[in-house]
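The structure appears right after this line, and notes come after that.
Chains as they are written, first to last, in our numbering: chain A, 2 to 112; chain B, 141 to 252.
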């Protein structure tokens with residue numbers, strides 16, 4: 002079966018750092034992706050990890066450990082506009098773009 | 141470049157009816173995927189089309205079907221609608237990275 006777990010909700014303060022964790026157990030692995038989805042909007046691509054380690058992209062970083070089935074998304078210098086749902090997704094096959102998504106973590110950034 | 145376009149944006153149907161949703165991918169993108177999003181189940185993969193061929197299929201009943209045309213536009217059809225089919229249906233076209241999906245705004249289906 003396919004299982005991707007992430008916390009349902011998190012709250013953080015503007016200007017702070019927050020880490021959103023994701024653990025996965027899937028039948029295959031060909032990359033881990035993070036998407037951001039604001040309420041009422043479509044998900045947008047944030048980051049991609051296929052090898053172990055940290056990928057940095059501006060205020061956002063994503064980490065992957067394949068042996069542990071674990072990833073996290075790190076958001077620095079939080080802004081109010083970062084309030085959104087963050088979706089962890091695993092690509093399970095190597096032929097196409099099929100992704101298995103977690104339920105998403107609803108992040109609220111408070112002033 | 142125009143983004144992924146989905147029509148209609150909102151629709152209301154009754155149980156037993158059928159519905160067809162349309163998706164135009166980003167120009168030049170040949171892969172189109174469909175996802176269903178509900179509060180309880182999150183984003184679930186329906187199917188993926190590439191060059192008019194279904195490449196992947198999720199665990200949905202046969203009432204859910206799709207197709208892709210030669211211009212890469214895609215349609216999905218749901219027949220014999222059930223209340224549980226009420227959801228946001230998202231279409232995505234694939235960028236250069238295998239899992240980099242560009243989503244449309246979605247078609248929100250309500251089944252009464």
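In this text, a Cβ means the ideal position worked out from N, Cα and C, and glycines have one as well. Remember, predicted model here, so these are calculated numbers, not experimental data.
- Here residue 70/A is near residue 26/A, since their CB atoms are less than 8 Å apart.
- Residue 224/B carries a helical assignment under DSSP once its states are collapsed to helix, strand and coil.
- At a Cβ-Cβ threshold of 8 Å, residue 112/A and residue 15/A count as neighbours.
- DSSP, read as helix, strand or coil, puts residue 236/B in coil.
- One alpha carbon belongs to residue 62/A, the other to residue 189/B, and they sit about 31 Å apart.
- Not flagged as an interface residue toward chain B: residue 71/A, since no C-beta distance is shorter than 8 Å.
- Counted as a single uninterrupted DSSP element, the beta strand (DSSP E) harbouring residue 195/B occupies residues 193 to 197.
- In this structure, residue 184/B places its C-beta atom within 8 Å of the C-beta atom of residue 176/B.
- Nearest Cα to residue 75/A within the set 5/A, 30/A, 9/A and 35/A: 35/A.
- Residue 214/B is positioned such that its CB atom lies closer than 8 Å to that of residue 163/B.
- Between the alpha carbons of residue 77/A and residue 9/A lies a distance of about 20 Å.
- Note that the region 151 to 170 of chain B touches the region 238 to 252 of chain B; at least 3 beta-carbon pairs, one per stretch, sit closer than 8 Å.
- Each residue's CA atom was taken as its position, placing residue 68/A and residue 153/B some 46 Å apart.
- By the Cβ test, the region 224 to 241 of chain B is in contact with the region 98 to 105 of chain A, since at least three Cβ pairs between them sit closer than 8 Å.
- Out of 210/B, 203/B and 226/B, the CA that lies nearest to the CA of residue 217/B is found in 203/B.
- Against chain B, the CB of residue 104/A has a partner CB under 8 Å away; the residue lies at that interface.
- When the five nearest sequence neighbours on each side are left out, the beta carbons in the same chain lying within less than 6 Å of the beta carbon of residue 150/B are those of 248, in order along the chain.
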